[in-house]
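Numbering (my numbering), first residue to last: 1 to 156. Comments concern the structure below.
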């Protein structure tokens, strides 16, 4: 069976069997369409790609092309998080194939890129004081707002 037919079956199973939302199914469809688009250059023109044709080398090339991908809209490369979404969709598809006994690439070979940890910034004492001083305390609403803000800052 052709890989594009299997992708269609997989997307239907996401919605029916797994109960995924329409938006999730659409996104998986986009990610897997991009996967097919980026790997077709590894096969002769017009060739039918079968699940057994997926190899670790094809996966490596896909990851490399995904990392270098330019969406032609803002000329920026895909973030590590967006690349992860593509790989999560691919891994889900490969698990689907494995459950149905269709020989293909082992899903455990699909590793996700490490996402950079976001640096947390904290307000300094004078910034908190300045924020609190801006809240009018001559009304009940102002007192309530100040109490909420103080609670948030004192709780960490």
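The beta-carbon is built from N, C-alpha and C at its ideal position, and this holds for glycine as well.
Cα-Cα separation between residue i and residue j, rounded to whole angstroms
i, j, result
"residue 152", "residue 7", "47 Å"
"residue 137", "residue 124", "22 Å"
"residue 2", "residue 87", "20 Å"
"residue 26", "residue 69", "20 Å"
"residue 145", "residue 154", "14 Å"
"residue 28", "residue 140", "50 Å"
"residue 120", "residue 110", "30 Å"
"residue 5", "residue 65", "23 Å"
"residue 128", "residue 135", "11 Å"
"residue 63", "residue 85", "12 Å"
"residue 51", "residue 150", "58 Å"
"residue 122", "residue 147", "20 Å"
"residue 142", "residue 126", "20 Å"
"residue 114", "residue 107", "18 Å"
"residue 117", "residue 67", "19 Å"
"residue 33", "residue 16", "20 Å"
"residue 42", "residue 24", "28 Å"
Reduced DSSP category for residue i - H, G, I as helix; E, B as strand; rest coil
i, result
"residue 100", "coil"
"residue 10", "helix"
"residue 128", "helix"
"residue 37", "helix"
"residue 43", "coil"
"residue 15", "helix"
"residue 122", "coil"
"residue 32", "helix"
"residue 88", "helix"
"residue 147", "helix"
"residue 155", "coil"
"residue 57", "helix"
"residue 164", "In the structure as shown, the chain starts at 1 and stops at 156, and residue 164 therefore has no counterpart that could be examined."
Per DSSP, cross-strand counterpart(s) of residue i
i, result
"residue 70", "77"
Burial state of residue i, where buried means 16 or more other Cβ atoms lie within 10 Å
i, result
"residue 89", "buried"
"residue 35", "buried"
"residue 14", "buried"
"residue 104", "buried"
"residue 92", "buried"
"residue 83", "buried"
"residue 38", "buried"
"residue 54", "buried"
Any chance the region 94–103 sits against the region 6–24, with 3 or more Cβ pairs inside 8 Å? yes
Are at least three pairs of beta-carbons, each pair with one atom in the region 47–60 and one in the region 76–83, less than 8 Å apart? no
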